[in-house]
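From first to last, the protein sequence lines stand for chains A and B. Going by full-length UniProt numbering, the final residue of the first sequence carries number 459, and the count climbs one at a time with no gaps. Going by full-length UniProt numbering, the final residue of the second sequence carries number 459, and the count climbs one at a time with no gaps.
There are 2 protein chains.
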Amino acid sequence: MRERLVIIGGDAAGMSAASQARRLKDPDELEIVAFERGHHASYSACGIPYWVAGDVDDPEQLVARTPEEHRARHIDLRTRTEVTELDVAGGRVRSRRLPDGQEVWTGFDKLVVATGARPVRPPLPGIDAPGVHGVQTLDDGQALLDTLRGTKGRQAVVVGAGYIGVEMAEALLRRDYEVTLLNRAPEPMTTLDPDMGRLVHEAVTGLGIRMVNEAEVTEIRTDEQGRARAVVTSDAEYPADVVVLGIGVRPESELAEAAGLPVGDFGGILTDQAMRVRGQSAIWAGGDCVEVLDLVAGRQRHIPLGTHANKQGQVIGTNVGGGYATFPGVVGTAVSKVCDLEIARTGLLEAEAREAGFQFVTATVEATSRAGYFPGAASMTVKMLAERRTGRLLGTQIVGREGAGKRVDVAAVALTAGMTVEQMTALDLGYAPPFSPVWDPVLVAARKATQAVRAHGAG
Amino acid sequence: MRERLVIIGGDAAGMSAASQARRLKDPDELEIVAFERGHHASYSACGIPYWVAGDVDDPEQLVARTPEEHRARHIDLRTRTEVTELDVAGGRVRSRRLPDGQEVWTGFDKLVVATGARPVRPPLPGIDAPGVHGVQTLDDGQALLDTLRGTKGRQAVVVGAGYIGVEMAEALLRRDYEVTLLNRAPEPMTTLDPDMGRLVHEAVTGLGIRMVNEAEVTEIRTDEQGRARAVVTSDAEYPADVVVLGIGVRPESELAEAAGLPVGDFGGILTDQAMRVRGQSAIWAGGDCVEVLDLVAGRQRHIPLGTHANKQGQVIGTNVGGGYATFPGVVGTAVSKVCDLEIARTGLLEAEAREAGFQFVTATVEATSRAGYFPGAASMTVKMLAERRTGRLLGTQIVGREGAGKRVDVAAVALTAGMTVEQMTALDLGYAPPFSPVWDPVLVAARKATQAVRAHGAG
Numbered sequence: 001m002r003e004r005l006v007i008i009g010g011d012a013a014g015m016s017a018a019s020q021a022r023r024l025k026d027p028d029e030l031e032i033v034a035f036e037r038g039h040h041a042s043y044s045a046c047g048i049p050y051w052v053a054g055d056v057d058d059p060e061q062l063v064a065r066t067p068e069e070h071r072a073r074h075i076d077l078r079t080r081t082e083v084t085e086l087d088v089a090g091g092r093v094r095s096r097r098l099p100d101g102q103e104v105w106t107g108f109d110k111l112v113v114a115t116g117a118r119p120v121r122p123p124l125p126g127i128d129a130p131g132v133h134g135v136q137t138l139d140d141g142q143a144l145l146d147t148l149r150g151t152k153g154r155q156a157v158v159v160g161a162g163y164i165g166v167e168m169a170e171a172l173l174r175r176d177y178e179v180t181l182l183n184r185a186p187e188p189m190t191t192l193d194p195d196m197g198r199l200v201h202e203a204v205t206g207l208g209i210r211m212v213n214e215a216e217v218t219e220i221r222t223d224e225q226g227r228a229r230a231v232v233t234s235d236a237e238y239p240a241d242v243v244v245l246g247i248g249v250r251p252e253s254e255l256a257e258a259a260g261l262p263v264g265d266f267g268g269i270l271t272d273q274a275m276r277v278r279g280q281s282a283i284w285a286g287g288d289c290v291e292v293l294d295l296v297a298g299r300q301r302h303i304p305l306g307t308h309a310n311k312q313g314q315v316i317g318t319n320v321g322g323g324y325a326t327f328p329g330v331v332g333t334a335v336s337k338v339c340d341l342e343i344a345r346t347g348l349l350e351a352e353a354r355e356a357g358f359q360f361v362t363a364t365v366e367a368t369s370r371a372g373y374f375p376g377a378a379s380m381t382v383k384m385l386a387e388r389r390t391g392r393l394l395g396t397q398i399v400g401r402e403g404a405g406k407r408v409d410v411a412a413v414a415l416t417a418g419m420t421v422e423q424m425t426a427l428d429l430g431y432a433p434p435f436s437p438v439w440d441p442v443l444v445a446a447r448k449a450t451q452a453v454r455a456h457g458a459g
Numbered sequence: 001m002r003e004r005l006v007i008i009g010g011d012a013a014g015m016s017a018a019s020q021a022r023r024l025k026d027p028d029e030l031e032i033v034a035f036e037r038g039h040h041a042s043y044s045a046c047g048i049p050y051w052v053a054g055d056v057d058d059p060e061q062l063v064a065r066t067p068e069e070h071r072a073r074h075i076d077l078r079t080r081t082e083v084t085e086l087d088v089a090g091g092r093v094r095s096r097r098l099p100d101g102q103e104v105w106t107g108f109d110k111l112v113v114a115t116g117a118r119p120v121r122p123p124l125p126g127i128d129a130p131g132v133h134g135v136q137t138l139d140d141g142q143a144l145l146d147t148l149r150g151t152k153g154r155q156a157v158v159v160g161a162g163y164i165g166v167e168m169a170e171a172l173l174r175r176d177y178e179v180t181l182l183n184r185a186p187e188p189m190t191t192l193d194p195d196m197g198r199l200v201h202e203a204v205t206g207l208g209i210r211m212v213n214e215a216e217v218t219e220i221r222t223d224e225q226g227r228a229r230a231v232v233t234s235d236a237e238y239p240a241d242v243v244v245l246g247i248g249v250r251p252e253s254e255l256a257e258a259a260g261l262p263v264g265d266f267g268g269i270l271t272d273q274a275m276r277v278r279g280q281s282a283i284w285a286g287g288d289c290v291e292v293l294d295l296v297a298g299r300q301r302h303i304p305l306g307t308h309a310n311k312q313g314q315v316i317g318t319n320v321g322g323g324y325a326t327f328p329g330v331v332g333t334a335v336s337k338v339c340d341l342e343i344a345r346t347g348l349l350e351a352e353a354r355e356a357g358f359q360f361v362t363a364t365v366e367a368t369s370r371a372g373y374f375p376g377a378a379s380m381t382v383k384m385l386a387e388r389r390t391g392r393l394l395g396t397q398i399v400g401r402e403g404a405g406k407r408v409d410v411a412a413v414a415l416t417a418g419m420t421v422e423q424m425t426a427l428d429l430g431y432a433p434p435f436s437p438v439w440d441p442v443l444v445a446a447r448k449a450t451q452a453v454r455a456h457g458a459g
């Protein structure tokens, strides 16, 4: 008997699941129907800042697989079609074609919820005015570029100084805008401890971006045509020909929640190890709409990242297709780049470690990416958190230039393996003068953290 | 009572041990005397090819700490002084000052043997002729540069196509020599499997280096003045204005062996976890003169690398100074670079895995260093070996361009932790378009290796 798999959401998680399920099951065994609200499927939302910056010319480059390619593989992908209702008991979804409003019910034997996330839009006056842009979807990116092309003024305000905000600030700077970056926190990049965020602050300022910390946005001021013209904070007003919101995203889980599927503290759908929705036998969920297990903190978190979405989609597709795979969780790794500054973290920040109930020591070192005498050796700062007494690694943050960011992977694997910082000091990492000093910066940090564990960790 | 620590050999391992011991013990508790045959101490021998290439102007840049700096820290470093005899029972060493031949006996309470390695010099006619150079010490590097400056001809022959041979071939190429690289094996870089070495062969040839595989050198032909003029193999003769030997090194363990200290199958001194010479209570050894435990193969090997020497010296200094530290072993990580080609390996090659008694599957993938659409994304080849049935990672080799080499560190940590390739597929590695595709190349290889384990590993 031919089964039908329905997928809600045609981006990384949904279409990875579809592709993997198709690899395992022929069309005469499994029909696959995927609904996607936007024009595009299977694209890299993470690439949008580079498209806006001009590094990527054509948004088609961000598309891993076109709708036509999916269809050629017998995946019935319906773009510009929104799922408006999920009937779990009835095993069906109601969808609406956006161009003509036509609604139909489609039954499913198996369901994948991959509805993604939506940008946070605080309920401020003017927040929905023309000229205010999120950068979550390819359609968002196109709308922003249309605004940039239609605007003569060169003043841009970016609200939010997380990864996306900082990347967008750089993108606009490279398009010759005067960029103001408004940040609610004391330092940018709250994915870093404030002492490490300070390094990003200095670098961003050095690029010529006006960085305003502790800025509470109260209003987007509009002109007579209703267009955004300035961003108002409790302290000041920043003229803006374009406003970009990089405030973060929330799981798009309303549909699932309305259908009675379980969601967690951060609004993400809750799944088991196989990415099956908790309490359900034939419904899976993955990507930016789910919460993931933080293996270090030992609790669920919401970490919207394309790499997790792809892995989860792969796991779902394997399980839907009759195989077996799990997504055991994450350690909270993230990297990003602002011009030549590389920013990375994995594991827990100080505040997160405290919240998780850990007592810990910290160590911060400066080291170089290559042997000190080798041309291009660049300085980086590495900060490490280790559990008091046991010395187990709890987190690592790195800010530096070329060669800094991906070094965080060593700490990510060590975290996954539950290593202590002292065990890390003996790691056999690749050494040659063009790649590293004899003591890799991560090992230098591990050494100093080991000393801190010994000095302060007893008792 | 003041004790005396004697150190034989003033390079990475010896002087790291001295410095760490000095941090822990004041001069009134511990006297430290170090003997070094050459003019320099604490230098980066790994930097010599870059000095010869011209990347590094001044050999002083390769010196981490000068003899004067050591002496200022109350380390009695005696350069140009060779230890000629070790009397273990009597607790003393005999040394000879090279400039004047004066010999003295010096007693010790504790001893560190850090005599390093010496280049292999096959007993061929002409091998000791002027114009034939090893590149093991700073003095060797200076001698080679003197030859280059004194030679009008532009033909260079490098014998041996391991790391040093390939690096030296590039260095000479960049000094505008016509370079021939003679290699005894079927492909260069026998630290890689032949299929991966083939990629290095193609790249080296592409640079304009004449690469001759399966070349058995039989003689260095000299002119009437006794100077090297050509390298003769069983097949051909290669004119040479300068000859560089990059054939590899052997542990410099004769002194220790003559004194009755234990050496292993590869001629290296054998130590325990604390780097204490086996069977001895007050003698430690570290650096290129010792064998190390290969944690993957489960046996001793000789792996002369500056990073191991530094770590071992640190461990020795800690233990000599009354602390506690261990060097648990290595997983066989190495990286190197030829122009923009990055070459890396960790764990076991196919032949090494077979020799160690493993049955295994392999997987090779092509992937890019960054998101495919991101400027500068470069291709790399990743090969992975996994144990049959268990799926445990046994080794990883990477050949590619920028961003390829240090990715081997992820595999090195996974090997240390005993991870399976399937566990690796879930690793939370840093992802952003400038740093990686959504599936990091190492994870792509792990996925394919997992499939290979499932497909071929049963039974």
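We put the beta carbon where it would ideally sit given N, CA and C, even for glycine. Note that this is a predicted model, so its numbers are computed, not measured.
May I ask which residues mark the beginning and end of the beta strand (DSSP E) holding residue i?
i: A:Pro119; result: Ala117 to Pro119
i: A:Tyr311; result: As written in the sequence, residue 311 of chain A is Lys, which differs from the Tyr given in the question. First-last for A:Lys311: Gly306 to Val320, but that is the alpha helix (DSSP H), not the beta strand (DSSP E).
List the residues of chain C that residue i touches, going by C-beta distances under 7 Å, in chain order.
i: A:Gln61; result: As a matter of chain content, chain C is missing from the structure shown, whose protein chains are A and B.
Tell me the DSSP secondary structure of residue i in three-state form.
i: B:Arg22; result: helix
i: B:Ser281; result: coil
i: B:Ser253; result: coil
i: B:Thr190; result: coil
Does residue i come within less than 7 Å of chain A when only Cβ atoms are used?
i: B:Ser42; result: no
i: B:Cys289; result: no
i: B:Lys25; result: no
i: B:Thr137; result: no
Between which two residues does the alpha helix (DSSP H) carrying residue i extend?
i: A:Lys406; result: Run containing A:Lys406: none; DSSP gives neither H nor E here.
i: A:Trp51; result: Ile48 to Ala53
i: A:Pro441; result: Pro441 to His456
i: A:Met424; result: Val421 to Thr425
i: B:Val263; result: B:Val263 -> no alpha helix (DSSP H), and no H or E assigned at all.
i: A:Leu172; result: Tyr163 to Arg174
i: B:Thr147; result: Leu138 to Arg149
i: B:Ala351; result: Glu350 to Glu355
i: B:Pro67; result: Pro67 to Ala72
Would residue i and residue j be called neighbours here (beta carbons separated by less than 7 Å)?
i: A:Arg370; j: A:Ala377; result: yes
i: A:Val244; j: A:His133; result: yes
i: B:Val438; j: A:Asn319; result: no
i: A:Val249; j: A:Pro59; result: no
i: A:Leu385; j: A:Gly395; result: yes
i: A:Trp51; j: A:Gly141; result: yes
i: A:Gln312; j: A:Gly286; result: yes
i: residue 479 of chain A; j: A:Val166; result: Limits of chain A in this structure are 1 at one end and 459 at the other, which puts residue 479 of chain A out of reach.
i: B:Glu291; j: B:Phe266; result: yes
i: B:Val331; j: B:Thr346; result: yes
i: B:Phe435; j: A:Gly405; result: yes
i: B:Ala129; j: B:Ala17; result: no
i: A:Gly208; j: A:Leu24; result: no
Residue i touches chain A at which residues, Cβ-Cβ below 8 Å?
i: B:Cys339; result: The contacting residues do not exist; B:Cys339 stays about 11 Å from chain A at best.
Anything in chain B within Cβ reach of residue i, meaning under 9 Å, just list it in chain order.
i: A:Trp439; result: Thr307, Asn310, Lys311 and Gln314
Starting from residue i, find everything on chain B with Cβ-Cβ shorter than 8 Å and list it in chain order.
i: A:Asp272; result: Within chain B, no residue comes near A:Asp272; the closest Cβ sits about 15 Å away, beyond 8 Å.
i: A:Asp193; result: Correct list: empty, because the minimum Cβ distance to chain B is about 17 Å.
List, in order along the chain, the chain A residues whose C-beta lies closer than 7 Å to that of residue i?
i: B:Ser336; result: Ala432
Just to make sure I have the definition right: I need the residues of chain B whose C-beta is within less than 7 Å of the C-beta of residue i. Which are they?
i: A:Ala414; result: Val413
i: A:Gly391; result: The premise fails here: A:Gly391 is roughly 13 Å from chain B at the closest Cβ pair, so nothing lies under 7 Å.
Could you name the residues of chain A that residue i contacts, counting a contact when the two beta carbons are closer than 9 Å?
i: B:Asp140; result: Within 9 Å Cβ-Cβ: nothing; B:Asp140 doesn't reach chain A, min ~17 Å.
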